[in-house]
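For the sequence shown, the working numbering begins at 303 and goes up steadily by one. Where is the CB? At the ideal position from N, CA and C, for every residue including glycine. In this text the structure is predicted, and so the values were computed from the model without any measurement.
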Amino acid sequence: MPLLEVKDLVVEFPNRRGTLRALDGVSFAIEPGEILGVVGESGAGKSLTGAAIIGLLEPPGRIASGEIWLEGRRIDNLGAKEMRQVRGRHVGAIFQDPLTSLNPLYTVGRQLTETILTHLPMSRAAARQRAIELLADTGIPAPEQRVDHYPHQFSGGMRQRVVIALALAAEPRLIVADEPTTALDVSIQAQIIQLLKSICASRGAAVMLITHDMGVIAETCDRVAVLYAGRVAEIGPVHELINHP
Ligand code: ADP
Ligand code: ADP
């Protein structure tokens, strides 16, 4: 059974002439442990596909038809509360801007600990220890001290490592990463991508990696889906679809 199955997904927005079909029947699957790259020109529907899976499609955008299945459970038709539970527990999200995912008012340790305690049966002390381990695993130096720091006390690259730690805190089976390195210095983009790849592999988590960077796809992904005008134009092994020197 695939980890994630998206079937004939149609997402619409109201516009002056009636409705705009932003996603026009998107179908694909992600196998456990796989890294699927999603590419396509601006406006092709990459972010909307990710948002629909995470359960963060913003009104007036709506799923008009189609189905999304996660580990054999249908998730496109869940209520808001159930969707939050599924998303928090089973799907981790990483966005372009680390500040989208982090609360500036709380230490990173508190955010990690709360996420862990919301989804996993653990004592507060064990969750804090787990938070420090997650920071260590994502390559944050001196995690015992850093755990008590606020997001603004981290550099951009370190902050995105914290976001990866947070996305993994509930031990999800799937990570949806939407342009996770686009906002970072070029010199650290490759490090973050390698980290994402290795840490997800070591945890058996699958990744849906949305990016416009073909180099990232070539180095990281097993398969790639090419979106065009709200549809999957092509999907297959990276070496068959992308020529990278
Ligand atoms: P990107 O390629 O970075 O996703 P886009 O230009 O496609 O950039 O869109 C950026 C964001 O702007 C989208 O995620 C969406 O929320 C919003 N957006 C895109 N198209 C429209 C539109 N026609 N009307 C309003 N908002 C839009
Ligand atoms: P991509 O991530 O591939 O750049 P998006 O998934 O953000 O593209 O958007 C796909 C299309 O959906 C856009 O080109 C636009 O037509 C439409 N769209 C996205 N967000 C909005 C929005 N908030 N309002 C209206 N249309 C939108």
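In terms of alpha-carbon separation, which member of Glu542, Arg448, Ala535 and Leu529 lies closest to Thr351?
Leu529
Using 8 Å as the Cβ pair cut-off and three pairs as the minimum, do the region 330-338 and the region 459-472 touch?
Remark: fewer than three beta-carbon pairs, one from each stretch, lie closer than 8 Å, so the region 330-338 and the region 459-472 are not flagged as touching.
If you measure from the CB of Ala346, is any heavy atom of ligand 2 nearer than 7 Å?
yes
Relative to ligand 2, is the shortest distance from any of its heavy atoms to the C-beta of Leu511 smaller than 7 Å?
No, ligand 2 has no heavy atom inside 7 Å of this Cβ.
Counting only the same chain and skipping the five closest in sequence on each side, list residues whose C-beta sits under 8 Å from that of Gly585.
The structure shown has nothing for residue 585, since the chain only spans 303 to 547.
What does DSSP give as the partner residues of Leu372 in its beta bridges?
Leu306 and Arg375
Top-ranked residue by Cα proximity to Leu419, from Tyr408, Leu511, Ala433 and Cys502:
Ala433
For Gln455, does the count of other Cβ atoms within 10 angstroms reach 16, so buried, or fall short, so exposed?
exposed
Classification of Ala427 by the beta-carbon crowding that lies within 10 angstroms, buried from 16 upward:
exposed
Using a threshold of 7 Å, is the CB atom of Gly363 nearer than that to any non-hydrogen atom of ligand 2?
yes
Can you say whether Ala507 is buried or exposed, counting buried as having 16 or more other CB atoms within 10 angstroms of its CB?
buried
Provide the residue span of the alpha helix (DSSP H) that contains Ile332, from first to last.
Where Ile332 is concerned, there is no enclosing alpha helix (DSSP H), although the beta strand (DSSP E) it sits in stretches over Gly320 to Ile332.
Contacting residues, own chain, Cβ-Cβ under 8 Å from Lys383 (five flanking each side not counted)
none
So within the region 454-493, which uninterrupted beta strand (DSSP E) runs reach at least 3 residues, ignoring any that extend past its ends?
Runs found: 476-480.
Give a single yes or no on whether Leu498 has its beta carbon closer than 7 Å to a heavy atom of ligand 2.
no
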